[in-house]
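S.K.:
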Amino acid sequence: MKFTPSKLNTFIFFKLPSAFWSGVRVKSITEVKCEATVKYRWFNQNPFNSMYFAVQAMAAEFTTGALVMLQVKKSGKSISMLVANNKSTFTKKATGRITFTCNQGDLIKEVIQEAIDSMEGQTIWLTSVGVNENGEQVSEMQFEWSIRVRK
Numbered sequence: 046m047k048f049t050p051s052k053l054n055t056f057i058f059f060k061l062p063s064a065f066w067s068g069v070r071v072k073s074i075t076e077v078k079c080e081a082t083v084k085y086r087w088f089n090q091n092p093f094n095s096m097y098f099a100v101q102a103m104a105a106e107f108t109t110g111a112l113v114m115l116q117v118k119k120s121g122k123s124i125s126m127l128v129a130n131n132k133s134t135f136t137k138k139a140t141g142r143i144t145f146t147c148n149q150g151d152l153i154k155e156v157i158q159e160a161i162d163s164m165e166g167q168t169i170w171l172t173s174v175g176v177n178e179n180g181e182q183v184s185e186m187q188f189e190w191s192i193r194v195r196k
């Protein structure tokens with residue numbers, strides 16, 4: 046699969062339909078950075094007139110996971126990946142369009158190479174920050190990815 050926003054959004058539709066119907070969309074991806082947005086609306090609201098935390102987590106997790114998938118593909122190896130842990134901090138009500146960004150592609154590349162060289166599983170904590178349309182941070186989410194070369 047080519048890593049373009051269009052292809053990743055199609056992937057979301059078929060493999061993560063709850064994220065798709067909640068409004069998660071990839072806006073851009075490079076080797077280093079991935080951005081996804083989600084807009085607050087009736088379908089993804091909580092009782093407090095803001096975006097449900099799990100919807101934010103889906104968008105944030107996808108920005109980290111897409112970068113891992115991209116670097117796995119570039120490695121040419123068969124590598125498994127799985128979220129082992131996550132942490133979240135919410136600092137402001139999420140309303141309007143929220144943009145989540147992870148810019149740790151270089152670190153991911155290093156960890157994947159370490160897994161290939163050592164043939165041992167590796168873990169990496171990746172961060173995705175969500176900001177509203179005014180540029181104010183609404184949440185920060187961290188995901189611990191477990192990466193292992195298949196034998």
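Mapped onto the working numbering, the consecutive letters of the sequence shown carry residue numbers 46 to 196.
Even for Gly, the Cβ is constructed at its ideal location relative to N, Cα and C.
Here the structure is a predicted model, which means the values were calculated and not measured.
Rounded to a whole number of angstroms, what is the C-alpha to C-alpha distance between Lys122 and Ser191?
M.R.: 15 angstroms
S.K.: DSSP on Thr49, reduced to helix/strand/coil?
M.R.: coil
S.K.: Are the CB atoms of Ala139 and Asn177 nearer to each other than 8 angstroms?
M.R.: Yes, they are a contact pair.
S.K.: Per DSSP, Gly175 is paired with what?
M.R.: Under DSSP, Gly175 forms a beta bridge with Phe145, Ser184.
S.K.: Lys78 by DSSP, collapsed to three states: which one?
M.R.: coil
S.K.: Considering just the uninterrupted stretch of the alpha helix (DSSP H) at Met164, what are its terminal residues?
M.R.: Annotation for Met164: no alpha helix (DSSP H) segment contains it, and DSSP assigns it neither H nor E.
S.K.: Would Met96 be called buried (16 or more neighbouring beta carbons within 10 Å of its own) or exposed?
M.R.: buried
S.K.: Cα-Cα, which of Ala99, Thr168, Ser67 is closest to Glu185?
M.R.: Ala99
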